[in-house]
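Below is one structure, written out as structure tokens; comments come after it.
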Amino acid sequence: MKFRFLFISGGIFSIYCLYSVLQEKLLKGVFGEDEERFTFVMPLLFVATLFNYLYAHFLRTLNHVNADDHIPTLYNCCISLTYLLAMVTSFMALQWVSYPAQVIAKSGKPIPVLVMGVLIGNKSFPVRKYFIVFLIVFGVALFLYKDNKAAKSAIGFGIGEILLGSSLLMDGLTNSLQERVMAQYNQKSENLMLGINKWALLFVGVIIIYTGEAVQCLAFLQRHPSAILQVFTIATCGAAGQYFIFMCLTEYGTLTCSIITTTRKFFSVFGSVILFGHVLKVRQWLAVACVFTGLFLDIYFGKPKKTGAK
1 MKFRFLFISG
11 GIFSIYCLYS
21 VLQEKLLKGV
31 FGEDEERFTF
41 VMPLLFVATL
51 FNYLYAHFLR
61 TLNHVNADDH
71 IPTLYNCCIS
81 LTYLLAMVTS
91 FMALQWVSYP
101 AQVIAKSGKP
111 IPVLVMGVLI
121 GNKSFPVRKY
131 FIVFLIVFGV
141 ALFLYKDNKA
151 AKSAIGFGIG
161 EILLGSSLLM
171 DGLTNSLQER
181 VMAQYNQKSE
191 NLMLGINKWA
201 LLFVGVIIIY
211 TGEAVQCLAF
221 LQRHPSAILQ
231 VFTIATCGAA
241 GQYFIFMCLT
251 EYGTLTCSII
261 TTTRKFFSVF
271 GSVILFGHVL
281 KVRQWLAVAC
291 VFTGLFLDIY
301 FGKPKKTGAK
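Counting along the sequence shown from 1, when you hit position 135 you're at 135 in full-length UniProt numbering, and nothing is skipped either side.
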């Protein structure tokens with residue numbers, strides 16, 4: 001049992017740490033003597049959604065889930081769009097912000113989930129939930145804050161932060177729409193994942209063909225073959241990581257999975273600082289502490305209460 005837990009948690013850590021390193025290397029690195037940058041976010045998402053679509057098929061077969069899908073097309077389209085926009089803006093933000101900044105900002109996911117839960121889902125939350133969200137907001141703002149000197153010297157200051165904020169907003173919309181659909185139509189997560197990625201794949205495919213970005217990306221990969229392996233490894237890591245998370249959820253529950261994935265994010269930040277030479281100020285380390293304290297408090301207070309024997 002202990003070996004099984006170590007295998008699953010080790011899989012999540014190793015796969016997503018590799019994913020984070022490759023993502024930063026691909027999107028922030030340079031290729032060739034001309035120092036070209038990989039800016040083809042949409043083709044990258046096409047490969048990622050293709051792998052996720054195939055993974056959803058695999059999961060549905062593995063778990064013998066009924067293929068009947070009663071979710072209206074409009075819902076699938078809306079969720080696919082918000083899901084895509086969340087990923088697009090998150091990837092694009094790396095052109096202006098560091099990977100640690102992206103991870104910290106995306107760790108603020110409870111913020112839009114709470115807001116959208118109140119506005120769309122008509123939910124109510126205890127006071128401590130608002131305090132936890134405030135702690136996370138404070139930490140994210142403190143990490144992304146730039147002093148006057150840095151702000152004056154920064155080119156394009158604010159674009160990365162706006163993209164990260166947009167990504168969080170889309171995450172919140174996606175989460176709220178998914179909850180509503182699963183509750184209203186009693187659908188399995190495998191069917192929902194398959195439907196979302198099917199439409200996302202269609203949308204991205206049309207976009208990259210219409211804009212010519214598919215041809216441009218293929219030309220880039222032809223000039224720099226080393227990027228091909230990175231693109232496919234990122235997509236493979238994304239799908240494999242979801243498989244380990246699925247195993248963790250089914251065998252150990254949401255609480256354990258949340259602790260593992262949250263801890264993994266911290267080590268992703270730490271690993272990025274070491275591997276890519278990012279320098280964090282004391283203020284930013286304090287911000288990291290605030291964000292992850294908030295996340296762990298959210299996990300602790302979110303765990304189910306034990307009921308006594310009757």
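Every residue gets a Cβ at the ideal spot worked out from N, C-alpha and C, and that includes glycine.
#1: Distance check for LYS25 and PHE270, CA to CA, integer angstroms please.
#2: Can you name the start and end residues of the alpha helix (DSSP H) that GLY117 belongs to?
#3: Assuming VAL133 and ILE111 are in contact, meaning their beta carbons sit under 8 Å apart, how far apart are those beta carbons, in whole angstroms?
#4: For a minimum of 4 consecutive residues, which ranges assigned as the alpha helix (DSSP H) are wholly contained in the region 175-242?
#5: Let's see if you can read the secondary structure: which residues bound the alpha helix (DSSP H) around HIS57?
#6: What residue range is occupied by the uninterrupted alpha helix (DSSP H) comprising GLU24?
#7: Which of the three DSSP states, helix, strand or coil, is assigned to GLU161?
#8: Buried or exposed: residue 319, going by 16 or more other Cβ atoms within 10 Å of its Cβ?
#9: For a quick check, are the C-beta atoms of PHE167 and TYR99 less than 9 Å apart?
#10: In this structure, how does DSSP classify PHE134 when only helix, strand and coil are distinguished?
#11: Less than 8 Å between C-beta atoms, sequence neighbours within five positions excluded: which residues of the same chain meet that for GLU213?
#12: Determine the closest residue to LEU142 out of ILE299, GLY294 and ARG283, with distance taken between C-alpha atoms.
#13: Can you give me the start and stop residues for the alpha helix (DSSP H) that VAL103 sits inside?
#14: Rounded to the nearest angstrom, what separates VAL115 and PHE125 at their Cα positions?
#15: Where do the N-terminal and C-terminal ends of the alpha helix (DSSP H) with SER80 fall, by residue?
Let's see:
#1: In this structure, the alpha-carbon of PHE270 lies about 15 Å from that of LYS25.
#2: Start and end: 110-119.
#3: Yes, VAL133 and ILE111 are in contact; Cβ-Cβ is about 5 Å, under 8 Å.
#4: The qualifying runs are 189-210 and 213-223.
#5: HIS57 -> alpha helix (DSSP H) spans 41-62.
#6: Start and end: 2-28.
#7: Note: GLU161 maps to helix in three-state DSSP.
#8: Outside the shown range of the chain, which is 1 to 310, sits residue 319, and nothing can be said about it.
#9: The displayed chain sequence assigns Ser, not Phe, to residue 167. It is not a contact, given that the beta carbons lie outside the stated cut-off.
#10: In the structure shown, PHE134 sits in a helix (DSSP, three-state: H, G or I).
#11: Cβ within range, chain order: PHE40, MET42, PRO43 and ILE207.
#12: Residue ARG283 is the option with its Cα nearest to LEU142.
#13: Segment 99-106, the alpha helix (DSSP H) holding VAL103.
#14: Cα to Cα, the separation comes out at about 10 Å.
#15: SER80 -> alpha helix (DSSP H) spans 73-93.
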